[in-house]
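0 is the number of the first residue of the sequence shown in numbering that gives the first Met the number 0; add one for each residue after it. For reference, the structure is listed below as structure tokens.
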Amino acid sequence: MADLLRHAPLAPARWEAARRQARLWIEALRAQRSRGGGVDALMREFSLSSQEGVALMCLAEALARIPDRTTADALIRDKLTQGDWRAHIGSSRSIFINAAAWGLMLTGKLVATHSDVGLSAATSRMLVRGGEPLIRAGVDIAVRLLGQQFVLGRTIEQALARARDAQQRGYRHSYDMLGEAALTAVDSQRYFDSYAHAIEAIGASAPQRPTGGTGDLHARPEISVKLSALHPRFTGMQRDRVLRELLPRAHELCRLARRSGIGLNIDAEESERLEPTLELFERLAGDPGLGDWDGLGIVVQAYQKRALPLVDWLAELAGQAGRRIMVRLVKGAYWDSEIKRAQIEGQDDFPVFTRKAHTDAAYLVCAHRLLRHQDRIFAQFATHNALTLGAVLQLAEAAGVSNFELQCLHGMGETLYDMVVGDEHLGVACRIYAPVGGHETLLAYLVRRLLENGANSSFVNRVVDEAVAIDALLENPFEASARCGGQPHPAIAIPAALYEPARRNSRGIDLHDEPTVLALGASFRVAAARAWTAYPILASDHFEPDHADPLPVRNPARRTHVVGTVHVSSIRDVESALAAVQADTWSSTAGALRATVLEAVADAYQARRDELMWLAVCEAGKTLADAAGEVREAIDFCRYYAQQARALAPEPDAALGPVVAISPWNFPLAIFTGQIAAALAAGNPVLAKPAEQTPLIAARAVRLMHAAGVPRTALQLLPGDGTVGAMLVRDPRIKGVLFTGSTEVAAHIDRVLAQFPVGNEPLLVAETGGQNAMIVDSSAQPEQVVQDVLLSAFGSAGQRCSALRILCLQEEIADPILAMLLGAAAELCVGDPIERSTDVGPVIDEAARQAIEAHLASVPERSILARVGLGPQCAAGCFVAPAVVEIAAIADLEREVFGPVLHVMRYRRDELGELIDAINATGYGLTCGIHSRIDETIDFIASRIRAGNVYVNRNMIGAVVGVQPFGGEGLSGTGPKAGGPWTVPRLRRSPGLQGFAPCRLGASRVAGVPTALRELQDWLRRGGHGVLLPICEEYLACTPLGWHFELPGPTGESNVLQYRGRGRALCLGAAAPGDQQALLGQLAAVAATGNRALLVEVPEAREALAGLPPSLIGLLDWTRDWRRDDFHVALLAGDDQPGQTVRHALALRAGARVGLLRPTAGRYALERMVAEQVWTVNTAAAGGNASLMSLTPD
């Protein structure tokens, strides 16, 4: 920014002239628009900063695409019952606005939602018969009217006809065929045909062909082309394919435009597509087949920090190509998504400016440069800002340039440009950017226009806002930028500072940037040249291998490639590690020092990122993007748990003691590191047993940890197979086991640990798999759904615990979404993950491949809808062709298929409740995805689904440490969540909630304390049970129920951690079956955590609880044989001998692991009686980030 400020292009006198002219325009605009009605007035009244404005935007985005009336009515109810529509009545002088406000208010009251009854119920509404179709039609008409404000015609023929009036007033047009980026080959062919037809129609409609000279051509119509519409994989990561397939199409359109005598502009897109766009444009400019045609153009976005050097590059390119290039200069169209993507990816900086003044200044510097290159560039200045327009005209006058044009968007700029176009005004040429398309292609474009018009920093918004002084609209952007020192917007955190002051964010890598990829390749070559080996890393400095030869570690993508070797741990190694860990003093290290060491580990990982990525690619088969995410997650774990270590109160002997960490191959660095970092943060020494398939990256990580300051006695590595883990978990010196892996192995470990004496039993924290579903209703945006499904199901070759296994589609949209999904899946690249173009890599080994293929072989052939083709190079590795399989019911799947297999089923909207029950009945509870635009539907699903992580309108993988704490319930794990607030406290001896109340961890209470606990407290007080009253008071203060953690995260996303009861708690009292105080104490814990109590049906227990009020009696279930019943946690007070019996019985149960809780000083650990659930909502899903766009310019 500092460099741009030095290039301020206008002298003070010309600035004053620009300001004077702009003031006249603004005064005229205010006079016209304040008197106006229609869409302008509607958007002014219902701004994005109001709940009503956002509701209208959501309606506009979704209503027209919903095929069934039931869902359409639900959307209308959902949006129109939000907000205070009455407040808008009478606030505008527009009859249209008052009528709209009255109509919306009455409609909202008439269609009030019935979420308390449930979606599946046949509810009657406060509506006369036949009223809903009328309301539906009325809202649909209103949305279509909004569309007509911004779209010139449904077809190119209609648009050309409607353009004639503006042409007679002196306007030119550039036509844009609306549509989303192509996801399938069918899409891209349809868009190509649409462009080709439009070019011919535009050329034929123009009254005169150019007879010679650039001026004739530039006075004619143009077409604007979006390259992502012409190819389903338009990205630099698919460079070779894009050049091979897209370049010929672009050439053909350019030649057709040349023959038709019109110009063709390449539209600008997201920043990661800039480099492939420029490479294609460079080849088009140098195409001799285009002759002396000067109709080739491109769009430059001034908000991009690369805009000025891009202008210079284009001028040089034009000179080399010997042709004059059209350059349309715009402010930029993807600002909010660029900010979000940079934060999510941990980029070094934003690719765009974050302050409007910076963009405005950059625009004028670029405009000045374009005018200097006027011999090689035909400049097209697109703006709706009166001051920018005035400044551009002054720049052109000062440069003596008249051969340029101005541009505006149809429906947004004509009011301003009517005062510019024509000989009776300034006589400057102006071109209208005219979108063309039907309602099915309109929605995304419409929402962008609504967002831009409603943005608080938008000139279009502010110019008609009488509360904004005209002088504020005339501020010199260079002076405004200098005043803030060129610093970014204070309300937009740079990626590195996203979680500050608590911790730094991990740095990502931009795989779209060619220099970055070249540097990564050089680092990979260095890593490949090293001899990699793993062996037991013990407390002693010296390792003596036994006589067995080391085993090869093979690349799953190329089994002939031996990545390195591993020496498996012997019995002697395990015994040596166990002996050394007893002498460790890590637990006596201060929490602040432990934190400093973990932060040093994070820094070491960051410095060695490239070699760790190489190991993840070659040893674990991860794609480049997945490998980068793996390293970032490991770094985030270290910094997050370091933050928690600092917050720990100094307590002597609080650490558990030696902890065994058994990690999986699918996250060989991230989970491996996360387990170790959590245990170290809590003060526990660690014996780490990595997966047998991925020992090399684990060994490298341990060496980096030791070098960063972790003592060798505090962390030892024991590579090997399951026998090594078995030796560790059964040793009596172990005090805790952290395990991530299969449900079956978790159950086996639990049964081993159950043999330990009660009171000396090691803690087990297990994270296992999931039968994860995504539920999609007919209000969802199909393109978003398909992209999220592909990533969730086939990313990492489906080898994530969180991966999508079952896609549930509402029947009305199942066929079109499946068609799009199958077409998009066919475009995936399956291959060696060392290649940047690879989307899907191998599965981990041959055994995994055979298991997945066996499942597919068991499926009826007609149910396999598609399998993605494998190239010949895949024969050298363990590859599975991604598959889409249709099933009739959730119950058709007996177990999780851990690979790239997506199962699809259809459901009816009125069966949504039954669908959720079926998903819950699988017993898994890890992740769930929801795609819907209806808040009531989202709440209905999310509040009933038993899943630890719920993702709304986004993909359902890639949980970020501290942002989406990860972990499930039931068959999916024991809790607590990894990367959440309870992991470190659980790994210490001190009670969890006592001393770690939610309010002290930054939560806010959104619901009152449990009513049942209040009622029990009153009953105990009346009955003279005074000894339990202090415990109830503590429970009231410390229960997690009703508390929400607003977690930090990127813009455009909401992340909330909340708690609910696990379900049923088995209350066994004490050794005596009728111990009243024990039972009442357990009932207090049950009431505090929103659970139900399951009690053994014996007369003593019935008698002990006689007299409870009816509301508490309603919480009690009775069983004659608890071993055959369902429950989620067990409570037992009293002697150890009954506890040992109960613990054995619990461990032998099939299904989910059930913990046995014993009280400490009469108090139960409430955090172990609740399920943690994170709701992650893409708040920008409806087309843009309303909250970000609503930021004030400062």
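A virtual CB, placed ideally from N, CA and C, is assigned to each residue, including glycine.
Of all the options the options, which has the alpha carbon lying nearest to the alpha carbon of residue i?
i     : options                  : result
L569  : R323, P718, P651, Q148   : Before going further, note that residue 569 is Ser rather than Leu in the sequence given. S569 has its Cα closest to that of P718, out of R323, P718, P651, Q148.
A1036 : L1165, L808, V573, R835  : L1165
D67   : R908, T276, P8, V224     : R908
D1009 : H930, V241, G1089, L425  : First, the amino acid is wrong: residue 1009 is Pro here, not Asp. If we check each option's Cα against that of P1009, G1089 comes out closest.
P487  : E413, E281, V658, Y302   : Y302
H854  : R894, P781, R945, L1079  : R894
T926  : A880, A823, E766         : E766
C828  : G262, D1134, Y1034, G794 : G794
R593  : C637, E179, Q373, L1067  : C637
E574  : A591, L611, R729, Q642   : R729
D77   : D934, I886, K225, L821   : D934
A527  : I661, V616, E885, P651   : V616
D1197 : H217, D938, A518, L789   : In the structure as shown, the chain begins at 0 and stops at 1193. Residue 1197 is therefore absent and cannot be evaluated.
A591  : N402, Q643, V561, A556   : Q643
A203  : R258, M236, C253         : R258
Identify the residues that DSSP records as bridge partners of residue i: which are they?
i     : result
Y1163 : For Y1163, which the question treats as bridged, DSSP gives no partner whatsoever.
Y194  : Looking at the DSSP assignment, Y194 forms no beta bridge with any residue, so it has no partner.
S173  : E221, Y432
P551  : T564
Q809  : Y906
N1054 : T1175
T532  : T564
Among the residues of its own chain, which have a CB less than 7 angstroms from the CB of residue i, if the five just before and after it don't count?
i     : result
P494  : A341, Q342, G345, Q346, N504
P544  : Y534, H566
L703  : V600, A603, Y604, R607
Y640  : L597, A676, A677, A680, V983
R22   : I469, L473
W14   : N475
R1194 : Residue 1194 lies beyond the stretch modelled for the chain, which goes from 0 to 1193, so this question has no answer here.
G1022 : none
A1146 : D749, R750, A753
Counting only the same chain and skipping the five closest in sequence on each side, list residues whose C-beta sits under 8 angstroms from that of residue i.
i     : result
A98   : Reliability of the predicted coordinates at A98 is poor, the pLDDT of 48 falling under 50, and the value obtained from them is presented with this limitation in mind. Around A98: no qualifying Cβ.
A16   : G389, Q393
E1102 : G1073
S836  : M236, Q237, R238, D239, R240, C828, G830
To the nearest angstrom, how far is the alpha carbon of residue i from that of residue j?
i     : j     : result
L992  : H747  : In this prediction, L992 has a pLDDT of 47, which is less than 50 and means its spatial position is unreliable; nothing more can be read from the coordinates.
T70   : A818  : 21 angstroms
Y923  : T358  : 49 angstroms
I96   : D838  : Below a pLDDT of 50, predicted positions are generally treated as unreliable, and I96, at 47, falls in that range; the measurement from the model is reported next regardless. Going by the C-alpha atoms only, they are around 50 angstroms apart.
K304  : F352  : 7 angstroms
T213  : L369  : Interpretation of T213 is limited by its pLDDT of 47, a score under 50 that renders its predicted location unreliable; no figure is taken from the coordinates.
N1184 : T1178 : 7 angstroms
F671  : D192  : 51 angstroms
D1074 : A1011 : 21 angstroms
D2    : E1045 : 39 angstroms
V241  : H230  : 7 angstroms
A556  : R219  : 54 angstroms
A874  : A880  : 11 angstroms
Using a Cβ-Cβ cut-off of 6 angstroms (strictly less than) and excluding sequence neighbours within five positions of residue i, which residues of its own chain qualify?
i     : result
Q770  : R804, E895, T921, Y923
A1180 : N952
L386  : A21, L473
R502  : R638, Q642
Spell out whether any CB of chain D is found under 8 angstroms from the CB atom of residue i.
i    : result
L277 : Within the model displayed, chain D is absent; a lone protein chain is all it includes.
Could I get the ranges of all uninterrupted beta strand (DSSP E) runs contained in the region 689-777, with 3 residues as the minimum, in chain order? Correct list: 714-716, 735-739, 762-766, 772-775.
Scan the region 196-259 and note each continuous beta strand (DSSP E) run of 3 residues or more that stays entirely inside, going in chain order. Qualifying beta strand (DSSP E) stretches, in chain order: 221-224.
Taking only runs of the alpha helix (DSSP H) that begin and end inside the region 326-361, which ones reach a length of at least 4 residues, in chain order? Counting only runs of 4 or more, we get 334-344.
Only counting runs of 4 or more residues, tell me where the alpha helix (DSSP H) segments fall wholly within the region 908-944, in order along the chain. Runs of the alpha helix (DSSP H) inside the region 908-944: 911-920, 934-943.
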